[in-house]
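In what follows, a single structure is set out as structure tokens and then discussed.
Put into structure tokens, the structure is as follows:
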């Protein structure tokens, strides 16, 4: 089980790297494109949402990227315009590039281990 401190450390690293390098969004994924339309948001608004991720938004991770073997993926959820959004992010090893793999409407309710009920 991941600790709050580990999530906080990941978010600190993520937010720090986002100040240095632009985050790369996987806009080639249909779900991600459809979410922009359905939520009626501009692409750059996703960055604002990610910059505001907090420990209580944590859902899962780190999960090893078995497909590309680029690093660990972390999953968060955030309310955007009244809809629960599934956000999967990774920081790629040597390049330190942050990649948002998924930013779309959640397909099922997300569980937040650190969110107070």
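In this note's numbering, the protein residues as written are 270 to 386. Here a beta-carbon is modelled for each residue, glycine too, at the ideal position from N, C-alpha and C.
Original post:
From which residue to which residue does the beta strand (DSSP E) around residue 352 run?
Top reply: 352-360
Subject >> DSSP three-state assignment for residue 289, whether helix, strand or coil >> reply: helix
**OP:** Return the CA-CA distance between residue 320 and residue 328, expressed in angstroms with no decimal places.
**Re:** Spanning the two alpha carbons is a distance of roughly 16 Å.
**OP:** Classify residue 304 as buried or exposed, calling it buried when 16 or more other Cβ atoms lie within 10 Å of its own Cβ.
**Re:** When all chains shown are included, residue 304 counts as buried.
**OP:** Could you check what DSSP says for residue 318 in three-state terms: helix, strand or coil?
**Re:** helix
Original post:
Between the stretch 371-381 and the stretch 343-356, are three or more C-beta pairs nearer than 8 Å?
Top reply: yes
Subject >> Simplified DSSP state of residue 273, which is helix, strand or coil >> reply: Residue 273 falls in the helix class under three-state DSSP.
**OP:** Could you spell out the range, first to last residue, of the beta strand (DSSP E) harbouring residue 341?
**Re:** That run of the beta strand (DSSP E) goes 341-349.
Subject >> residue 366 - DSSP class collapsed to helix/strand/coil >> reply: In the three-state reduction of the DSSP assignment, residue 366 falls in the coil class, being assigned neither a helical nor a strand state.
**OP:** Output the distance between the C-alpha atoms of residue 371 and residue 312, rounded to the nearest integer angstrom.
**Re:** 13 Å
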